[in-house]
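> Residue numbering for the sequence shown follows this note's numbering, beginning at 213 and increasing consecutively.
C-beta atoms are modelled at their ideal positions from N, C-alpha and C, and glycine is treated no differently.
Keep in mind that this is a model prediction, so the values were computed, not measured.
The structure is given below, and queries will be raised subsequently.
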Amino acid sequence: MFLTGESNSALSQSDVFVAVFRIPGQLNQTIKDEYTVKVKTMFLPTTKKEIKLLGWEALDVILVTGDSYIDSPFIGVAVIGKVLLNAGYRVGIIAQPDTESDQDIRRLGEPELFWGVTGGCVDSMVANLTATGKKRQKDDYTPGGINNQRPDRATIVYANLIRKYFKDSVPIVLGGIEASLRRVAHYDFWSNKIRRSVLFDAKADYLAYGMAEYSVVELARCLKQGGDSHAIRGLCYISGNIPDGCLELPTYEDCAKDKDTFTKMFHDFYHNNDPITASPLAQKQDTRYLIQNPPAYCLSEKELDAVHNLEYERELHPFYQKHGSVRALETIRFSITTHRGCYGECNYCAIAVHQGRQVTWRSKPSILAEARQMSSHPAFKGILADVGGPTANMYGIECTRKNTKGGCPEKRCLYPEPCSKLNINHARQISLLKDLRRINGIRKVVIASGIRHDMVLADKENGIRYLKQVIRHHVSGQMKIAPEHCQPHVLQKMGKPGSETVLKFKETFDQLTKKEGLNQFLTYYLIAAHPGCTEKDMAALKSFASKKLGLLPEQVQVFTPTPSTYSTLMYWTGKDPFTGEPCFVEKTIHGKERQKNIISRRGIKKKNPASFRIQNKKNK
213 MFLTGESNSA
223 LSQSDVFVAV
233 FRIPGQLNQT
243 IKDEYTVKVK
253 TMFLPTTKKE
263 IKLLGWEALD
273 VILVTGDSYI
283 DSPFIGVAVI
293 GKVLLNAGYR
303 VGIIAQPDTE
313 SDQDIRRLGE
323 PELFWGVTGG
333 CVDSMVANLT
343 ATGKKRQKDD
353 YTPGGINNQR
363 PDRATIVYAN
373 LIRKYFKDSV
383 PIVLGGIEAS
393 LRRVAHYDFW
403 SNKIRRSVLF
413 DAKADYLAYG
423 MAEYSVVELA
433 RCLKQGGDSH
443 AIRGLCYISG
453 NIPDGCLELP
463 TYEDCAKDKD
473 TFTKMFHDFY
483 HNNDPITASP
493 LAQKQDTRYL
503 IQNPPAYCLS
513 EKELDAVHNL
523 EYERELHPFY
533 QKHGSVRALE
543 TIRFSITTHR
553 GCYGECNYCA
563 IAVHQGRQVT
573 WRSKPSILAE
583 ARQMSSHPAF
593 KGILADVGGP
603 TANMYGIECT
613 RKNTKGGCPE
623 KRCLYPEPCS
633 KLNINHARQI
643 SLLKDLRRIN
653 GIRKVVIASG
663 IRHDMVLADK
673 ENGIRYLKQV
683 IRHHVSGQMK
693 IAPEHCQPHV
703 LQKMGKPGSE
713 TVLKFKETFD
723 QLTKKEGLNQ
733 FLTYYLIAAH
743 PGCTEKDMAA
753 LKSFASKKLG
763 LLPEQVQVFT
773 PTPSTYSTLM
783 YWTGKDPFTG
793 EPCFVEKTIH
803 GKERQKNIIS
813 RRGIKKKNPA
823 SFRIQNKKNK
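Listed below in structure tokens is the structure:
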């Protein structure tokens, strides 16, 4: 059942997953027996005692994370650990290690193959600081909820911690969202400058970007059996020269000096994120080069099923429970991921760079099996908290050309309007939701993930039918949509559809909700201080929200420039990267707070704390 083979040549992605998931839904039987007989849990070990209970002498891989260890398919480090375990490797986890001593980092000894380092499910700088520079007091992934365990730039700090106490150790491999979005030269909002690839700053050996299941398994095989690790898809590494076939990006030094050069670099980087069409990239960082291999291919339905069919405890590891509960577990314990990836490509969002522009989904039997398993959990109270993905209603909908030709290089799937080739049809999701509702023990299936309202309207065959089902069965008081703004020039900078789609959707939602006799409403995500947005635009948004939407906005956030997004590029350069035209950018903290305060409910008496709905004649 373990990965085997005498050849030193790299396996294809398909070969690796055939070997790893030969029996979908089951762990390697040898490892499964050790866990169930000796430990009685499916947690990965976090102490030497647990390692001994498994009968292991040492670990092949130790994963270090900025989150506490929740064993869940929603937690990237848990998924990577279980995938490696299923492939036959001995894996342990060190969560939120003390960075001032060797007490935690030495706890499991030294791995035989590699260290895996991640800042956690949330970028550490975003987790620790608000868009206006204030320290966040709470952390949903830390026991007790107090934000005092995750260091700034956690990926770099943890890599340095390993090097400090393990001289000349086995390779350090970076992964997770923090490393993935910082894999090339990038603008860093918190230092207000262009920084090198995090691979160089962390002095690590490899960086596995994207979702990385294939990349880490193949890397483990190469390090154990021999082989060319530099040929692995989804991997970055450092080289003294440029391999044949690489597209050379402008150097880090040139990008740091000139904003137009940085813009050119970003275009080349962004357009080489499709696994079908991408070229390997090279970028000089000092005297050496960052090499980015093409992305790993998207997992097939069967492969994605296999990842989610692995056994997860859906609990905080007992070693960390003594420090308190983690709030994130309340949301994810009884939630189901149906798909990954997003073709929405909003300019402020990094999902397209991290998970990919192609949406891939699990099979209905796999999802239903997970729901049945949840329904028998002793803590389950009959409610699935969420069924969805980055965007809830992209399940089962994708353009077929992407599988063979990749995404369109000069065209987006949903902007400025949905592409006719996308074939938007919600029938598959309607069927899935219907079957989930039929499972014994489940009394409510909630869609908490955001819904693309423009996709619902674009589906002429089943859009209204889908919305009826969601309103009738899957709304927990409010439905989330994300218009973000109303001004055309701001929406253009965001890559979002016009406000007329929001109004049309609201009208339809209100009519159907009234017909059902339900007291439900829409809640809107809005962004302040996005590039192109002025105080005048925020005043217009406030007027739009009160007069057209009939509410005082509840979800208003200040734009945070995170690495590897087009909106962040606009923030740094002050230009629209698609037209070259100047773009207003609010960069002062005072100005950002003013924009938010123009539209926020601060100082306004709440007439209805549930929805902040303005009672006017139209609403009556």
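With distance defined between alpha-carbon atoms, name the residue in Ser779, Phe478 and Ala757 nearest to isoleucine 811.
If you number the sequence shown from 1, residue 811 lands on position 599. Nearest C-alpha to isoleucine 811: Ala757.
> Valine 201 by DSSP, collapsed to three states: which one?
Nothing can be reported for residue 201, as the shown portion of the chain is limited to 213 through 832.
> Assign tryptophan 268 to one of three DSSP states: helix, strand, or coil.
Along the sequence shown, read from residue 1 onward, the residue named residue 268 stands at position 56. Residue state, collapsed to three classes: coil.
> Please name the residue in Ile801, Gly304, Gly332 and Asp400 whose C-alpha comes closest to that of asparagine 278.
As a first step, residue 278 must be located in the sequence shown, where it is residue number 66. Residue identity differs from the one stated: residue 278 is glycine in this sequence, not asparagine. Cα-wise, what sits closest to glycine 278 is Gly332.
> Do you know how far the Cα of threonine 572 is from the Cα of arginine 365?
For the purposes of this step, residue 365 is taken as residue 153 along the sequence shown, with counting starting at 1. For the purposes of this step, residue 572 is taken as residue 360 along the sequence shown, with counting starting at 1. Looking at the two C-alpha atoms, the distance is approximately 31 Å.
> Going by the beta-carbon positions, is the gap between valine 289 and leucine 297 smaller than 7 Å?
To locate residue 289, count along the sequence shown from 1; it is residue 77. To locate residue 297, count along the sequence shown from 1; it is residue 85. Taking 7 Å as the Cβ cut-off, valine 289 and leucine 297 do not qualify as a contacting pair.
> Quick check on DSSP: helix, strand or coil for aspartate 749?
On the sequence shown, position 537 is the one that residue 749 refers to. DSSP places aspartate 749 in helix when its eight states are reduced to three.
> Count the other CB atoms within 10 Å of the CB of phenylalanine 790; is the residue buried (16 or more) or exposed (fewer)?
Walking along the sequence shown from the start, residue 790 turns up at place 578. Exposed is the call here.
> Using alpha carbons as the reference points, say which of Ala604, Asn605, Gly357 and Arg806 lies closest to glutamate 747.
Within the sequence shown, residue 747 is the residue found at index 535, counting from 1. Nearest of Ala604, Asn605, Gly357 and Arg806 to glutamate 747, Cα basis: Arg806.
> Counting along the chain, where does the alpha helix (DSSP H) carrying serine 427 start and finish?
Mapped onto the sequence shown, residue 427 falls at position 215. Here the alpha helix (DSSP H) through serine 427 covers 425–437.
> Helix, strand or coil for arginine 552 per DSSP?
Along the sequence shown, one-based indexing puts residue 552 at 340. Three-state DSSP puts arginine 552 in a strand.
> Output the boundary residues of the alpha helix (DSSP H) element that contains glutamine 807.
The residue you call residue 807 lines up with position 595 of the sequence shown. From DSSP, the alpha helix (DSSP H) with glutamine 807 extends over 801–811.
> Does the segment 591–599 touch the segment 410–429, meaning 3 or more C-beta pairs lie closer than 8 Å?
Too few Cβ pairs lie closer than 8 Å, so no.
> Between the C-alpha atoms of isoleucine 443 and glutamate 610, what's the straight-line distance to the nearest angstrom?
Numbered from its first residue, the sequence shown carries residue 443 at position 231. Numbered from its first residue, the sequence shown carries residue 610 at position 398. What sits at residue 443 in the sequence shown is alanine, not isoleucine. Between alanine 443 and glutamate 610, the C-alpha separation is close to 29 Å.
> Taking Cβ positions only, does isoleucine 739 come closer than 7 Å to chain D?
Judged by its chain identifiers, the structure shown contains no chain D, having just a single protein chain.
> Roughly how many angstroms separate the alpha carbons of isoleucine 305 and glutamate 262, rounded to a whole number?
Translated into positions along the sequence shown, residue 305 becomes position 93. Translated into positions along the sequence shown, residue 262 becomes position 50. Roughly 11 Å between the two C-alpha positions.
> Hey, out of Gly662, Met606, Pro621 and Ala518, whose CA is closest to alanine 639's CA?
Here residue 639 is taken as the residue at index 427 of the sequence shown, counted from 1. Closest option to alanine 639, Cα to Cα, is Met606.
> Would you check if the distance between the CB atom of leucine 734 and the CB atom of methionine 667 is smaller than 7 Å?
By one-based count along the sequence shown, residue 734 stands at place 522. By one-based count along the sequence shown, residue 667 stands at place 455. Result no, Cβ atoms of leucine 734 and methionine 667 do not sit closer than 7 Å.
> Alpha carbon to alpha carbon, how far is threonine 354 from serine 280?
Here the question's residue 354 lines up with position 142 in the sequence shown. Here the question's residue 280 lines up with position 68 in the sequence shown. Going from the Cα of threonine 354 to the Cα of serine 280 covers about 6 Å.
> Could you tell me if serine 578 is buried or exposed, where buried requires 16 or more neighbouring beta carbons within 10 angstroms of its beta carbon?
Reading the sequence shown from its first residue, position 366 is the one you call residue 578. By the 10 Å Cβ count, serine 578 comes out buried.
> Could you check if threonine 248 is buried or exposed, using at least 16 other CB atoms within 10 Å of its CB as the buried criterion?
Along the sequence shown, read from residue 1 onward, the residue named residue 248 stands at position 36. With a pLDDT of only 38 at threonine 248, under 50, the local geometry of the prediction cannot be trusted, and the value read off the model is given with reservation. With fewer than 16 Cβ atoms within 10 Å of its Cβ, threonine 248 is classed as exposed.
> Under 7 Å, do proline 309 and aspartate 316 count as touching if we go by C-beta distance?
Here residue 309 corresponds to residue number 97 of the sequence shown, with the count starting at 1. Here residue 316 corresponds to residue number 104 of the sequence shown, with the count starting at 1. Yes, the pair counts as a contact, with Cβ atoms nearer than the cut-off.
> Would you kindly work out how many angstroms separate the C-alpha atoms of alanine 270 and aspartate 314, rounded to a whole number?
Taking the sequence shown and counting its residues from 1, the one referred to as residue 270 is at position 58. Taking the sequence shown and counting its residues from 1, the one referred to as residue 314 is at position 102. Whole-angstrom Cα-Cα distance: 18 Å.
> Can you list, in chain order, the residues of its chain with a C-beta nearer than 7 Å to that of glutamate 460? Leave out the 5 residues immediately preceding and following it.
Counting from 1 along the sequence shown, the entry for residue 460 is found at position 248. Once the five neighbours on either side are set aside, the close Cβ partners of glutamate 460 are Ile454 and Ala494.
> Specify the secondary structure class of serine 547 as computed by DSSP and reduced to three states.
As a working mapping, residue 547 is identified with position 335 in the sequence shown. It is a strand residue.
> What does a CB cutoff of less than 6 Å around serine 688 pick up in its chain, not counting 5 residues either side in sequence?
For the purposes of this step, residue 688 is identified with residue 476 of the sequence shown, where counting begins at 1. Cβ neighbours of serine 688 beyond the five flanking positions: Val658.
> Identify whether leucine 626 lies in helix, strand or coil by the three-state DSSP scheme.
Within the sequence shown, residue 626 is the residue found at index 414, counting from 1. Looking at leucine 626 - three-state DSSP - the assignment turns out to be coil, as it is neither helix nor strand.
> To the nearest angstrom, report how far apart cysteine 558 and threonine 725 are at their CA atoms.
The count along the sequence shown starts at 1 and reaches residue 558 at position 346. The count along the sequence shown starts at 1 and reaches residue 725 at position 513. Cysteine 558 and threonine 725: Cα-Cα distance of roughly 29 Å.
> Nearest to proline 530 by alpha carbon, out of Leu502, Leu644 and Leu256?
Working through the sequence shown from its first residue, we reach residue 530 at position 318. Closest by alpha carbon: Leu256.
> Taking 7 Å as the limit between beta carbons, can you name the residues of its chain near leucine 373, skipping five residues before and five after?
Position 161 of the sequence shown, counting from 1, holds the residue named residue 373. So the list reads Pro309, Thr311 and Ile317, once near-sequence residues are dropped.
> How about alanine 339 and valine 385: do their beta carbons lie closer than 7 Å?
By one-based count along the sequence shown, residue 339 stands at place 127. By one-based count along the sequence shown, residue 385 stands at place 173. No, Cβ-Cβ distance for alanine 339 and valine 385 is not below 7 Å.
> Since isoleucine 885 and glutamate 696 should fall inside the 8 Å C-beta cutoff, what is the C-beta to C-beta distance between them, to a whole number of angstroms?
Because the chain is modelled from 213 through 832, residue 885 falls outside the range shown and cannot be assessed.
> In angstroms with no decimal places, state the Cα-to-Cα distance between glutamine 705 and cysteine 561.
By 1-based counting over the sequence shown, the position of residue 705 is 493. By 1-based counting over the sequence shown, the position of residue 561 is 349. Reading the sequence as shown, one finds lysine at residue 705 and not glutamine. Going from the Cα of lysine 705 to the Cα of cysteine 561 covers about 12 Å.
> On the criterion of 16 or more Cβ atoms from any shown chain inside 10 Å, does aspartate 472 qualify as buried, or is it exposed?
By 1-based counting over the sequence shown, the position of residue 472 is 260. It counts as exposed.
> By DSSP, does isoleucine 374 sit in helix, in strand, or in coil?
Indexing the sequence shown from 1 puts residue 374 at position 162. Of the three classes helix, strand and coil, the one that applies to isoleucine 374 here is helix, per DSSP.
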